[in-house]
Every structure is written in C-alpha cells, then in structure tokens.
Amino acid sequence: DAVKKAAGVEPKLLRPPYGLADLQVSDVATEFGMPMILWTAGSHDWDTKNVEAIKKKTLEVAERDGIILMHDWVKQTVDGMPSIIKTLQSKGYHLVTVSDVVKRQNLQPGDIFPGPEGWEK
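Here is the structure:
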C-alpha cells in the first residue's frame, strides 16, 4: 500500500534491493502477487558521473537475452540512454520492457528471472 500511495500505481513486480532474494523474499513476492526480476549484468552507473563510461560498460556487458541493471535516479544514465539504445539497436539488439519479459517467460507470483544459479523455489 505504501508504494501504491507514493507512486500512484500498484507495483506489478519486485526487483529485490541489491538482487538479494531467498525463499522468504519469494514468499513475500508471492503474497503480494509479484514475480521477481533480477539482471544478468550491471552498468555500474551508480559509480560514475561520466555518460561515456556508462555507455562503454553497458555495451561491454550487453548480451542476447540479457537484462542490464541501470538506475533512473542516475542523471548520467538518463542522459545517455538515447545514445545507448541507438547503439544497441544498430548492433542488432531488440530491446523489450521488463513487462514483456514477464509475459514471455510466463512468470508467476514468487517466480524469479533470471534465476540465480542453484535457485529452486
């Protein structure tokens, strides 16, 4: 309710802080009807104020079916996104939303994607 009140919308999925997920977090996500989304690589955008460094790191870690963690509260990430998107698309990447991933993977409440190695619910 607090997130809904603050954001004006009800959350549909959970990205656990720092990617820390265990069975207890899965149970909470299940209780609130949310699948969990993690990432395959990070842009380390929180660690620099340099747009080009964020772009370089993002392009280095991009891979097929990957999810790159980026933060919308990092101004340099927001500023660099048009160039990052254009470059990824020029390299043949097809970008989708997290909501698309949830649908394509048929994720149910409490499910986690991509699942950490050894994860079993």
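For the sequence shown, this note's numbering gives the first residue as 396, with consecutive numbering after it.
Glycine included, every Cβ here is placed at the ideal spot set by N, Cα and C.
Can you pull the DSSP bridge partners for residue i?
i      : result
MET431 : LEU409 and ILE507
GLY366 : A question about residue 366 goes unanswered here, because the residues of the chain that appear run from 396 up to 516.
TRP436 : The sequence shown places Ala at residue 436, rather than the Trp named in the question. The partner list for ALA436 (beta bridge, DSSP) reads ILE463.
Starting from the C-beta of residue i, find all residues in its chain whose C-beta is less than 8 Å away, skip the five residues before and the five after it, and write them out in chain order.
i      : result
GLN484 : LEU490
LYS407 : MET429, SER494 and VAL497
ILE479 : ILE449, LYS450, THR453 and LEU454
How long is the line joining the alpha carbons of residue i and residue j, rounded to whole angstroms?
i      : j      : result
VAL496 : ARG459 : 13 Å
SER421 : LYS451 : 34 Å
VAL456 : ASP417 : 25 Å
ASN501 : TYR413 : 24 Å
THR425 : ALA401 : 22 Å
Can you tell me where the alpha helix (DSSP H) with residue i in it begins and where it stops?
i      : result
VAL420 : 418 to 426
For residue i, collect the residues of the same chain with a Cβ closer than 7 Å to its Cβ; drop the 5 residues on either side in sequence, then sort them by chain order.
i      : result
GLY475 : VAL446, ILE449 and LYS450
Closer than 6 Å by C-beta to residue i: which residues in its own chain qualify, once you throw out the five before and the five after it? Chain order, please.
i      : result
GLY437 : LEU464
ARG410 : ILE432
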